[in-house]
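**Student:** First to last, the protein sequences are chains A and B.
According to the numbering used here, the first sequence is numbered sequentially starting from 1.
According to the numbering used here, the second sequence is numbered sequentially starting from 1001.
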Amino acid sequence: MTTTRCPAPIGFADVVDYWAGDLSRAEEDRIEEHVFACADCARELASAEALSREIASVAREGRLHSVVTDAMLNRLAADGVRIRTYTLDGSGIIPCAVWADDDLVVSRIRANFDDADSVTIVARQASGAEISRVSDVSVRPGQREILNAFSAAHLRALPATRVDVVVTAQIGGSERTIAEYTLEHAGAFDRLGGGR
Amino acid sequence: MGTAASVALMHWSADARPLTTSDGELAMAIASAPPGAAEAEESELYRRFAHRVRLYGLKHLRDGAAADDLAQQVLLVTIERLRAGEVRNPGEIGSFILGTSRMLADSIGRKARRREKLTAQFHVPELYAEPALASNDLEVVERCLHGLAERDRRVLVLTFYVEKTSSEIASELGVTATVVRVARHRALERLRECVGQPAGRTA
C-alpha cells in the first residue's frame, strides 16, 4: 500500500457517520469514491469498522456494566444473551441471586425522575464497598424507569451480601437522593448443585 | 469475459516494487503484460483493494461471509478485465473497482449462480489479502468502553450493536440527532485512543 498522505482526508466524523449509516446516498457515494482512491482514508475506515465490531462483541458477550434500553435488551435476547431481571420499586428488601447460566443481570429501577437534570446510581455491598456507579445518566421528561445492567460474571464474584442502591439526581444545581433500595444478594447458584 | 485467470499466491515483497507505485501504475502494468505474466502486480493490487471491497461489502451486505465473497469476486473480475484490456482507464482503477463492487453487491442476492460460475471459471488456488485490522484485546475494549461517559457509551452501543440511526437514538435520549452524531464520533475517537489503536492514517 502506498504511504502517500492523503491531501484532503475525510474527517473522522464523516467516516463514523458513513459507517453508522447516517449519510445520504450522495454523501455515501462521495466517501466511497474517496476510499477507493485513497489507501490512507481506507485505513481510517478500517479503524472505525474494527472498533464498531469490538463494541458489538462486548455487548453481545453480555459484558456491559451500563445503563441499557429495552431496544438493547431485545437485541441481546435475540443474540442468545441470557438476561435475569429484578425490579426495584417501592420499599422492602428484594431477594436476588445470580445463576450459572445468567449472562447479564438487569435491575429495573423505578422512581420519579421529574425535574432531574441527570441521575447517578450507586450500588454498594453491606461492607460499604462499591459494586458499581453510573453517573450523569440523562432522563427524559416523564421517564419512570432506568435499566441498569451488570455482567453476571462480575456479580458471581460477589459474596452473599446486602446490596444498597442509592439513586441521586442533579436538580437545579444540587444533588438530592430520590430513591433507595435494598437487595439481599444470596450469591451465585447453579441449577443442579444449588449452591456456590 | 476474456481468458480464465489463474492468480497464483504471491508473497509480496516490499523490495520487489517501490511502495510509491500508484494504484494506476500497478493496473497499467497488469494491462500491458501478457495475460498472467504480471502475477506480482496482480497480488499487490489484490492486497491493496480486497480489504476496501470487503468494507464496502460489510457496509452494504451486512454479512461477513458475503463481504468476503464480494471482495474475491470483485478483484477477480478486475484482474480478468485488466488482463483482457477491457478496463478503459487503468489509471483510475479505484473507480473501476468501486463500480464493480456496487454492481456485484447490488446483484449478489439475485445472482448466486453467477458467483458459483465465477469461482469455477477462475482457478484461484490462494490469494493474499491484507487482513482486516487486527482486533484489539476485548478486555481492553471493555475497560475503555466503560471508561466513557454513560451517554457516550450508550450512543456507541445503540449505534454499533443495536444498529439504530442517530435520529432513533436522539428520540430515545431526548436530544437532537446532531448531538448524537457529535457525541458518537468523539466517543469513538476517545475509545480508539484508549485502546491504543493508532489512527488509520499514516503519521
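Using N, Cα and C, we set each Cβ at its ideal position, and we do this for glycine too.
Please read these numbers as outputs of a predicted model, since none were measured by experiment.
Note down, in chain order, each residue of its chain lying with its Cβ closer than 6 Å to the Cβ of GLU33(A), except the 5 sequence neighbours on either side.
**Tutor:** Nothing listed; no residue qualifies.
**Student:** Per DSSP, what are the beta-bridge partners of GLU180(A) in this structure?
**Tutor:** Paired residues: VAL166(A).
**Student:** Going along chain A in order, which residues have a C-beta closer than 9 Å to the C-beta of GLY1174(B)?
**Tutor:** Going along chain A in sequence order, the residues near GLY1174(B) (Cβ under 9 Å) are SER138, VAL139, ARG140, PRO141 and GLN143.
**Student:** CA-CA distance, LEU73(A) and GLU145(A)?
**Tutor:** If I take the Cα positions, the gap works out to 14 Å.
**Student:** Determine, using beta carbons only, whether ALA1149(B) comes closer than 8 Å to chain A.
**Tutor:** Yes, its Cβ sits closer than 8 Å to a Cβ of chain A.
**Student:** Here's the rule I'm using: 16 or more other beta-carbon atoms within 10 Å means buried, otherwise exposed. How should ASP1137(B) be labelled?
**Tutor:** Its Cβ having fewer than 16 others within 10 Å, ASP1137(B) is exposed.
**Student:** Listed in chain order, which residues of the segment 1154-1169 of chain B have Cβ atoms closer than 9 Å to some Cβ of chain A?
**Tutor:** Within the segment 1154-1169 of chain B, the qualifying residues are ARG1154, LEU1156, VAL1157, LEU1158, THR1159, PHE1160, TYR1161, VAL1162, GLU1163, LYS1164, THR1165, SER1166, SER1167 and GLU1168.
**Student:** Taking CB distances under 8 Å as the criterion, tell me whether ARG30(A) reaches chain B.
**Tutor:** No, no contact with chain B.
**Student:** In whole angstroms, what is the alpha-carbon distance linking SER118(A) and GLY142(A)?
**Tutor:** Computed Cα separation, rounded: 13 Å.
**Student:** Can you tell me the Cβ-Cβ gap for LEU88(A) and TYR181(A), rounded? I've got them flagged as a contact below 8 Å.
**Tutor:** Contact flag correct, Cβ pair sits at about 4 Å.
**Student:** Hey, GLY1174(B) and ALA37(A): beta-carbon distance below 8 Å or not?
**Tutor:** Not a contact, by the Cβ cut-off of 8 Å.
**Student:** Using a Cβ-Cβ cut-off of 8 Å, state whether PHE12(A) counts as contacting chain B.
**Tutor:** Yes, PHE12(A) counts as interfacial toward chain B.
**Student:** If the cut is a Cβ gap below 7 Å, which residues of chain A does GLU1041(B) touch?
**Tutor:** Ordered by position in chain A, no residue passes the 7 Å Cβ test against GLU1041(B), which lies about 14 Å from the chain.
**Student:** Applying a beta-carbon distance threshold of less than 9 Å, which residues of chain A neighbour ASN1136(B)?
**Tutor:** ALA50, LEU51 and GLU54, listed in chain order.
**Student:** Against chain B, with Cβ distances strictly below 8 Å, would THR168(A) count as a contact?
**Tutor:** Chain B contact via Cβ: absent.
**Student:** Below 7 Å CB to CB, which residues in the same chain sit around VAL67(A) once its five sequence neighbours on both sides are set aside?
**Tutor:** Counting only Cβ-Cβ distances below 7 Å, and skipping sequence neighbours, we find VAL134, VAL137, ILE146, LEU147 and ASN148.
**Student:** Whose Cβ in chain A lies nearer than 8 Å to the Cβ of ILE1097(B)?
**Tutor:** Near ILE1097(B) (Cβ distances below 8 Å), the residues of chain A are PHE36.
**Student:** On the criterion of 16 or more Cβ atoms from any shown chain inside 10 Å, does MET1103(B) qualify as buried, or is it exposed?
**Tutor:** Looking at its Cβ environment, which holds fewer than 16 other Cβ atoms inside 10 Å, MET1103(B) is exposed.
**Student:** Is GLU1126(B) buried or exposed, if buried means 16 or more other CB atoms sit within 10 Å of its CB?
**Tutor:** Residue placement at GLU1126(B) cannot be trusted, given a pLDDT of 46 that sits under 50; the coordinates are not used to answer.
**Student:** Hey, could you find the ends of the beta strand (DSSP E) GLN125(A) is sitting in?
**Tutor:** Unbroken beta strand (DSSP E) run through GLN125(A): 118-125.
**Student:** Taking the CB atoms as reference points, tell me whether SER52(A) and PHE1049(B) lie closer together than 8 Å.
**Tutor:** No.
**Student:** Does chain B have any CB closer than 8 Å to the CB of SER24(A)?
**Tutor:** No, SER24(A) lies away from the interface with chain B (no Cβ there is under 8 Å from its Cβ).
**Student:** Any idea which residues DSSP pairs ALA149(A) with across the strands?
**Tutor:** Looking at the DSSP assignment, ALA149(A) forms a beta bridge with SER66(A) and VAL106(A).
**Student:** Beta-carbon of LEU64(A) versus every beta-carbon of chain B: anything under 8 Å?
**Tutor:** So yes, LEU64(A) belongs to the interface.
**Student:** Here's the rule I'm using: 16 or more other beta-carbon atoms within 10 Å means buried, otherwise exposed. How should ALA78(A) be labelled?
**Tutor:** Exposed is the call here.
**Student:** Please list the residues of the segment 1175-1199 of chain B that have a C-beta atom closer than 7 Å to any C-beta atom in chain A, keeping them in chain order.
**Tutor:** The residues in question are ARG1181, ARG1184, HIS1185, LEU1188, GLU1189, LEU1191, ARG1192, GLN1197 and ALA1199.
**Student:** Given this structure, state the Cα-to-Cα distance separating ARG12(A) from GLN1073(B), to the nearest angstrom.
**Tutor:** The sequence given here places Phe at residue 12(A); Arg does not occur at that position. Straight-line Cα distance between these residues: approximately 29 Å.
**Student:** Does the CB of GLU27(A) have a neighbour CB from chain B at under 8 Å?
**Tutor:** It does not; no Cβ of chain B falls within 8 Å.
**Student:** Give the list of continuous alpha helix (DSSP H) stretches no shorter than 4 residues that lie fully inside the segment 25-74 of chain A.
**Tutor:** The segment 25-74 of chain A contains these whole alpha helix (DSSP H) runs: 25-35 and 39-60.
**Student:** Report the CB separation of ALA152(A) from VAL106(A) in whole angstroms; it is logged as a contact under 8 Å.
**Tutor:** 10 Å between Cβ atoms; not a contact.
**Student:** Indicate whether the contact test is met: 3 or more Cβ pairs, each with one atom in the segment 1079-1088 of chain B and one in the segment 53-65 of chain A, closer than 8 Å.
**Tutor:** In short, these stretches do not touch, since the Cβ pair count stays below three.
**Student:** What's the gap between the Cα of ILE1030(B) and the Cα of SER1043(B)?
**Tutor:** Straight-line Cα distance between these residues: approximately 10 Å.
**Student:** Where do the ends of the alpha helix (DSSP H) carrying SER1166(B) lie?
**Tutor:** Where SER1166(B) is concerned, the enclosing alpha helix (DSSP H) stretches over 1166-1173.
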